[in-house]
Amino acid sequence: DTGVSQDPRHKITKRGQNVTFRCDPISEHNRLYWYRQTLGQGPEFLTYFQNEAQLEKSRLLSDRFSAERPKGSFSTLEIQRTEQGDSAMYLCASSFSRAPYEQYFGPGTRLTVT
Amino acid sequence: DQQVKQNSPSLSVQEGRISILNCDYTNSMFDYFLWYKKYPAEGPTFLISISSIKDKNEDGRFTVFLNKSAKHLSLHIVPSQPGDSAVYFCAASAGDKIIFGKGTRLHILP
Numbered sequence: 008d009t010g011v012s013q014d015p016r017h018k019i020t021k022r023g024q025n026v027t028f029r030c031d032p033i034s035e036h037n038r039l040y041w042y043r044q045t046l047g048q049g050p051e052f053l054t055y056f057q058n059e060a061q062l063e064k065s066r067l068l069s070d071r072f073s074a075e076r077p078k079g080s081f082s083t084l085e086i087q088r089t090e091q092g093d094s095a096m097y098l099c100a101s102s103f104s105r106a107p108y109e110q111y112f113g114p115g116t117r118l119t120v121t
Numbered sequence: 176d177q178q179v180k181q182n183s184p185s186l187s188v189q190e191g192r193i194s195i196l197n198c199d200y201t202n203s204m205f206d207y208f209l210w211y212k213k214y215p216a217e218g219p220t221f222l223i224s225i226s227s228i229k230d231k232n233e234d235g236r237f238t239v240f241l242n243k244s245a246k247h248l249s250l251h252i253v254p255s256q257p258g259d260s261a262v263y264f265c266a267a268s269a270g271d272k273i274i275f276g277k278g279t280r281l282h283i284l285p
């Protein structure tokens, strides 16, 4: 296994459009996390899954955001009706539930909303 | 309210010398502290962690020190190498979430 992968790496979209990102975690990991990072800030937690169950969502995750992990493997993050403030790097990470503090990150998807 | 603070946005260190990156936190419930390294256009890479019950953890050139009474931790890199030039994030875990600081950009000078 080569690590966490994310697709696409870059996405440019117009305001009001919907976008979907995909994350493939390290296969042995049962936890999957989504973070958002803006310029000059560290990653900010959005949500996480243990297997297919979404266990926590940040207040940063507005109603326009939805995440799924249908079979407990890959995950998707969808943003509906994108706004310019959604422009950011969206990072995915995975871990074992016995060591949730040791998370391994993917390269991220950079979203630009014009 | 920032629970994990990295007060130095950047740091320059001569190659071969020691790099010391500092971090302060406010939440005494954190159970693990971590350092991540990030190169441009890549995700953060896990470097080293320390449990809140310890005061030092060492891994090769990297050592993390934890001072619980001062709510302070530091990452020492010795000797510093050109490939260490990156942004370093201090982070802390309370249960299932990790909270990150804003990062310190380390420049290793030739």
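Quick note, the sequences are listed as chains P and F, same order. For the first sequence, the working numbering gives the first residue as 8, with consecutive numbering after it. For the second sequence, the working numbering gives the first residue as 176, with consecutive numbering after it. For each residue, glycine too, the CB sits at the ideal point set by N, CA and C. Predicted model only: the values in this text are computed from it and were never measured.
- For the pair of segments examined, the region 89-98 of chain P was found not to touch the region 235-249 of chain F: the number of CB pairs separated by less than 8 Å stays below three.
- I225 (chain F) has a beta carbon lying at 8 Å or more from every beta carbon in chain P.
- No Cβ-Cβ contact shorter than 8 Å links L67 (chain P) with A74 (chain P).
- When the alpha-carbon of H36 (chain P) is set against those of P:H17, P:F52, P:S104, the nearest one is in P:S104.
- Taken through DSSP and simplified to helix, strand or coil, D31 (chain P) comes out as strand.
- Per DSSP, the unbroken beta strand (DSSP E) holding F264 (chain F) starts and ends at 261-269.
- Across the set P:Q110, P:S82, P:S34, the C-alpha of P:Q110 shows the shortest separation from the C-alpha of D271 (chain F).
- For L67 (chain P), there is no enclosing beta strand (DSSP E), as DSSP gives it neither H nor E.
- Chain order gives the chain F residues near F52 (chain P) as K272, I273, I274, where near means a beta carbon separation below 8 Å.
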